[in-house]
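In what follows, a single structure is set out as structure tokens and then discussed.
There are 2 protein chains.
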Amino acid sequence: MRIGELARRTGVTERALRYYEEQNLLKPARLPSGYRDYAPSDAEAVRHIRSLLAAGLPSHLIAELLPCMVDTGDGLMPGCRSMLEPLEAERDRLTAAIEELTAARELLTALIDRTPEDDSEYDAWVAAHAVA
Amino acid sequence: MRIGELARRTGVTERALRYYEEQNLLKPARLPSGYRDYAPSDAEAVRHIRSLLAAGLPSHLIAELLPCMVDTGDGLMPGCRSMLEPLEAERDRLTAAIEELTAARELLTALIDRTPEDDSEYDAWVAAHAVA
DNA sequence: CTAAACCTTGACGTCGACGTGAGGGTCAAG
DNA sequence: CTTGACCCTCACGTCGACGTCAAGGTTTAG
């Protein structure tokens, strides 16, 4: 399939897909016209890429990681065990990031939930604590 | 306290603290010398700022939010109910972001956990599926 | 054949949260 | 007085993941 269709299927822009190739995340074949020719499996690859990019993994790491995932689905391909260390580092970074985001959400949630529908409660509070 | 000490207490750089002031997140007093003079409570404010920034909230929103939090601790100050909508939007965005990060971590965790200690398992698999 | 739709490769622009000097005051110790 | 630590205000640099033209070739429908 050509770039436009992959873009439609995955919901990412063509620019992003070209960028992914530039970063060696995808290596589409080429038609005689020079047009990119993506394999159907690239749609799934794009989903993985988006997920890992959204998680903040650097693209060069994703580039190393993807060929380790093909075929097997789970578990790294042989010869990829050198990836274990950086992968564990990223996993730990993600854990920390998730905790940070969760803490921030708790903060917002507390603010939202504890804010009264109108100012009546606050007005009462002010009245009760007035300096008289 | 002056900028250097606040930086040490909070672990953020002086540059960041000046940037926060530029973005109206902090409004330190000034000593006659022109030096910034932070209140002790600013240390706590900086922690909130860091948390919300790490969560991806735009600084102008944080700038609106902070004065709504002073004194009360929980619940918005009166006259801040106009913040509820954007706050709920951010909370929902955070929920989505946390899910994305969690999914990415699951992916990494699966890869890590399912990768054998050495190639023996894989070698066995290859042998078993050899084309003979 | 022509127009519309689709594709190509550059290459510069963007945005946010700072980093990193440059050039110069302020202040306490010796 | 001088040195060093500390502080100030510009103001340009950075980095990643694209956005957004510009100036073309290619393919397809009519």
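These protein sequence lines map, in sequence, to chains R and Y. Using our numbering, the final residue of the first sequence is 1247, and nothing's skipped along the way. Using our numbering, the final residue of the second sequence is 1247, and nothing's skipped along the way. Cβ atoms here follow ideal geometry from the backbone N, Cα and C, with glycine treated the same way. Quantities reported herein were computed from a predicted structural model and do not represent experimental measurements.
Closest in C-alpha terms to A1211/Y, from the list T1128/Y, P1147/Y, R1165/Y, G1171/Y, comes G1171/Y. Around the beta carbon of T1128/R, a 10 Å sphere encloses fewer than 16 other beta carbons of the protein chains shown; the residue is thus reported as exposed. The beta carbon of R1162/R sits no closer than 7 Å to any beta carbon of chain Y. In the DSSP assignment, V1161/R falls within the unbroken alpha helix (DSSP H) covering 1156 to 1169. Annotated three-state conformation of R1151/R is strand, per DSSP. Within the same chain, and ignoring the five residues on either side of L1140/R in sequence, the residues whose Cβ sits closer than 7 Å to its Cβ are I1164, S1174, I1177, A1178, L1181.
For T1230/R, the closest of P1193/Y, E1136/Y, I1213/Y by C-alpha to C-alpha distance is P1193/Y. Counting C-beta atoms within 10 angstroms of its own C-beta, Y1135/R has 16 or more neighbours from the protein chains shown and is therefore classed as buried. Excluding residues up to 5 positions away in sequence, nothing lies with its Cβ nearer than 6 Å to the Cβ of A1160/Y in the same chain. Annotation for S1174/R: the continuous alpha helix (DSSP H) segment containing it runs 1174 to 1184. Within chain R, H1163, S1166, L1167 have C-beta atoms less than 8 Å from the C-beta of L1222/Y, given in sequence order.
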